[in-house]
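Here the structure is laid out as structure tokens; the discussion comes afterwards.
In this note's numbering, the protein residues as written are 454 to 532.
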């Protein structure tokens, strides 16, 4: 499921599920750093895999994601 709002190109942020597990995938193929605020996914993001620098801060209503140029990361959402 794409979590970006209309007009928010990068970073691309997807929610993926596997049974009871939830993951957030962040991809920034652009050369410049990019940031994005999304509706909270309801848990603490734990980095599983990353290339480049990607910072994910969870909040009660909104989560903030910052990704350096040409970067990607996978976060498992811990309940």
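Built from N, CA and C at the ideal position, the CB exists for glycine as well.
Bear in mind that the values here come from a model prediction, so they are computed numbers and not experimental data.
In this model, residue 502 and residue 467 are separated by some 15 Å (Cα to Cα).
The beta carbon of residue 476 sits closer than 8 Å to the beta carbons of 468, 469, 470, 501, 527, 528, 529 and 530 from its chain, once the five residues preceding and following it are set aside; these are given in chain order. Sequence-distant Cβ neighbours of residue 474 in its own chain, meaning closer than 7 Å and more than five residues away, are 529.
Ranked by how close their Cα comes to the Cα of residue 459, the residues 517, 491, 505 and 484 have 491 in first place. Taking a 10 Å sphere around the C-beta of residue 479, we find 16 or more other C-beta atoms and assign the residue as buried. Boundaries of the beta strand (DSSP E) around residue 503: 497–504.
In this structure residue 524 is buried. Its beta-carbon is surrounded by 16 or more other beta-carbon atoms within 10 angstroms.
Measuring C-alpha to C-alpha distances from residue 494 to each of 515, 464, 506 and 507 identifies 515 as the nearest.
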